[in-house]
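Residue numbers (our numbering), protein chains in the order written: chain G, 1 to 303; chain C, 304 to 606.
All C-beta atoms, glycine included, are put in the ideal place defined by N, C-alpha and C.
Written below as structure tokens is the structure these notes are about.
There are 2 protein chains.
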Amino acid sequence: MTLRIRAALLAPLIAILPLAAQAADPPATPGAVVAQAPANAWHAIPAQDLLVMTIEGGKKLVIQLAPQFGPHHVANIRTLATAHWWDGTSINRVQENYVVQWGDATEKKPLPGGLAPTSPADYVQPLGAMKARLTRLPYPDPYAPATGFVDGWPVAMDGSGEGAGAWLPHCYGMIGVGRNMSPDAGTGAELYTVIGQAPRQLDRNIAVVGRIVEGMSALTSLPRGSGELGFYTEAERKLPIISVRLASDLPQAEQPHFQVMDTTSASFADYLRLRANRKDDFYDRPAGGVDLCNAPVPVRRAP
Amino acid sequence: MTLRIRAALLAPLIAILPLAAQAADPPATPGAVVAQAPANAWHAIPAQDLLVMTIEGGKKLVIQLAPQFGPHHVANIRTLATAHWWDGTSINRVQENYVVQWGDATEKKPLPGGLAPTSPADYVQPLGAMKARLTRLPYPDPYAPATGFVDGWPVAMDGSGEGAGAWLPHCYGMIGVGRNMSPDAGTGAELYTVIGQAPRQLDRNIAVVGRIVEGMSALTSLPRGSGELGFYTEAERKLPIISVRLASDLPQAEQPHFQVMDTTSASFADYLRLRANRKDDFYDRPAGGVDLCNAPVPVRRAP
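In structure tokens form, the structure reads like this:
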């Protein structure tokens, strides 16, 4: 059926091969690698690193935090969630091919006590001991001298020694922290996610602290704001945020369970190789490379 | 006002500086370069290269065709538009962080006569005489040995001599031609546009024939399809396409007039330099590079 075949030519980022094909053949696509990855190629994401954001209408988004790349901001985000600070705030900005931003539109809501001070020094972390868990991406990057993956996260680096600085890139679905003019580095109360081509020029200018692992389309399909920079005008409705909770603050029965692929696993190496070299039923010309933001680390609900 | 200041940190791809600032200072941002570019830095887009697509509800999208990069496909797209072939078809697929696809969901609608044969040879064009109009992008690219801009289009190349092959990359908003399995190269009747991180692995595997220059958000804000690969299921509504017309087939009074920045102009050189090196009120750390798909060539309605 042509529609199905035509569909194949635009295979999804993660496609699932039929089980029969999986049993018969070594994986030929990134999706097949993910489908066939053994249980030990996956790591559970700790509940204290997951946020559940419920928006009006009941849709839920799940966010994974990256404490090792933004320790002060992530500490503040946990404090804000535990204080239920985002409840009753809203999604205030949807800018085409750029970002969706949420937080307190009134800018008058008092912040909870105990927030950690933040600074531009938080934007880049020492690679240090993480170097032992680094999987290099061996392709050139226009924004950084070195790139790769650590602990299930994409990373850009200003070198590759232990003394190098490492930071999370502004890839699609990554979450950054709004701030005022430098040297302010933001508290973590005002957040945004990338909904277009990776705006990597923001790297090392803003704290990147996590990513959306489920429910992204609830934000990307929102009407764009007609105000400056995609902010909703007074005449436009800001979608209310019902609640934001740390999974570890939820009753056991309500806690979501997610796993991320081990970026040091053989499965992830196969996934990267095939993301960079598509040569299957549809692809005739492998690219021979892949962009850091075009090899999203596989994340799934725990089976 | 913090919201406004916070907004500044997420400046749009093309921001307009206040006129006062423009008069006083050399442009410090890509948006300021665009705002201050002289009239001779812009080229009119010919009416036969513009398509106006009207969707249900009256929203109009404007598409620019690139005949020099897909001559057979563009000839077919003009034939299809002149035959009103897309009238009454629909938007059939919206896949998160990937593509929006439109055409004849029934796959039974007869094609007009006179369509040109197409082949994979159409995916790559000789750089040839275009080399004289090439502006190189001097930053590494993970997908191609050389990149740059020709005639207002981003281009990837397998070299930089006149004998090199050149192709349009799968950047956000670019338009590709759906096809069946290779060696089929598609007619041009089934089209898609990129709505996420550039899927450059599709380059040289599919014909890229143009870009959306106005109205993109009418597609990107559509509900995602819940079917396989983001296709709408029977239970989901496919947004009807009312009409698709070549601007040159419209009455003079209804023809839209667009201009694209001359990619050999001093203004475009300034724009690229600043896209790669943001250092202004908000940015502290210039990236020192920019991705081919993150320096969209400025296009505007004729003043």
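Taking CB atoms only, residue 508 of chain C has a neighbour in chain G less than 8 Å away.
Across the structure, residue 195 of chain G and residue 571 of chain C are spaced so that their CA atoms are roughly 26 Å apart.
For chain G, the residues of the region 500–527 of chain C that bring a beta carbon within less than 9 Å of one of its beta carbons are 500, 501, 502, 503, 504, 505, 506, 507, 508, 509, 519, 520, 523, 524, 525, 526, 527, in chain order.
Straight through space, the alpha carbons of residue 247 of chain G and residue 135 of chain G are spaced by roughly 29 Å. Closest by C-alpha distance to residue 458 of chain C, out of C/401, C/471, C/530, C/465, is C/471. In the structure shown, residue 546 of chain C adopts extended strand secondary structure according to DSSP, grouped into three states.
Burial state of residue 581 of chain C is buried, judged by a 10 Å Cβ sphere holding 16 or more other Cβ atoms. Interface flag for residue 53 of chain G against chain C is unset, since no Cβ pair is found closer than 8 Å. Residue 218 of chain G is a Cβ neighbour of residue 61 of chain G, given a cutoff of 8 Å. Excluding residues up to 5 positions away in sequence, nothing lies with its Cβ nearer than 8 Å to the Cβ of residue 110 of chain G in the same chain. Residues of the same chain with a CB within less than 7 Å of the CB of residue 302 of chain G, apart from the 5 flanking positions on each side, are 44, 257, 258, 259 in chain order. Between residue 337 of chain C and residue 574 of chain C the beta-carbon gap is near 7 Å, inside 8 Å, which marks them as a contact. Look at residue 62 of chain G: its C-beta is not under 8 Å from any C-beta on chain C.
Three or more Cβ pairs closer than 8 Å define a contact, and the region 499–512 of chain C meets that threshold against the region 476–488 of chain C. Residue pairing from DSSP places residue 429 of chain C in a beta bridge opposite C/468. Restricting attention to G/202, G/159, G/157, G/182, the CA atom closest to the CA of residue 172 of chain G is found in G/202. Within the same chain, Cβ atoms closer than 7 Å to the Cβ of residue 115 of chain G are found at 76, 79, 187, the five residues on either side in sequence being excluded.
Closest in alpha carbon position to residue 432 of chain C, among C/445, C/494, C/466, C/525, is C/466. Taking 8 Å as the CB threshold, residue 458 of chain C stays off the interface with chain G. CA-to-CA, the gap between residue 237 of chain G and residue 105 of chain G works out to about 12 Å.
Under the rule that a run must span 3 or more residues, the beta strand (DSSP E) segments found entirely inside the region 231–299 of chain G read 239–246, 258–261. In the pairwise beta carbon analysis, the region 552–559 of chain C is classified as not touching the region 391–411 of chain C: fewer than three pairs are separated by under 8 Å. Cβ contact annotation for residue 229 of chain G (same chain, cutoff 7 Å, sequence separation greater than five): 93, 95, in chain order. For residue 90 of chain G, the beta-bridge partners assigned by DSSP are G/103, G/240.
As the crow flies, the alpha-carbon of residue 32 of chain G is around 19 Å from that of residue 287 of chain G. For residue 358 of chain C, the uninterrupted beta strand (DSSP E) segment begins and ends at 353–358.
A check of alpha carbon separations from residue 197 of chain G across G/152, G/292, G/29, G/63 identifies G/292 as the nearest. As a beta-bridge residue in DSSP terms, residue 175 of chain G pairs with G/193, G/210.
About 25 Å separates the beta carbon of residue 536 of chain C from that of residue 515 of chain C, a gap too long to meet the 8 Å contact definition. Minimum Cα-Cα distance from residue 355 of chain C among the listed residues C/593, C/597, C/545, C/603 corresponds to C/545. One Cα belongs to residue 440 of chain C, the other to residue 274 of chain G, and the distance between them is close to 27 Å. For residue 204 of chain G, no alpha helix (DSSP H) run applies, since DSSP gives it neither H nor E. When the alpha-carbon of residue 518 of chain C is set against those of C/567, C/602, C/388, C/328, the nearest one is in C/602. In terms of beta-carbon proximity, residue 249 of chain G stays away from the interface with chain C, with every pair separated by 8 Å or more. When secondary structure is reduced to three states using DSSP, residue 459 of chain C falls in the strand class.
Close partners of residue 130 of chain G in chain C (Cβ separation under 7 Å) are lacking, with about 21 Å as the shortest Cβ gap.
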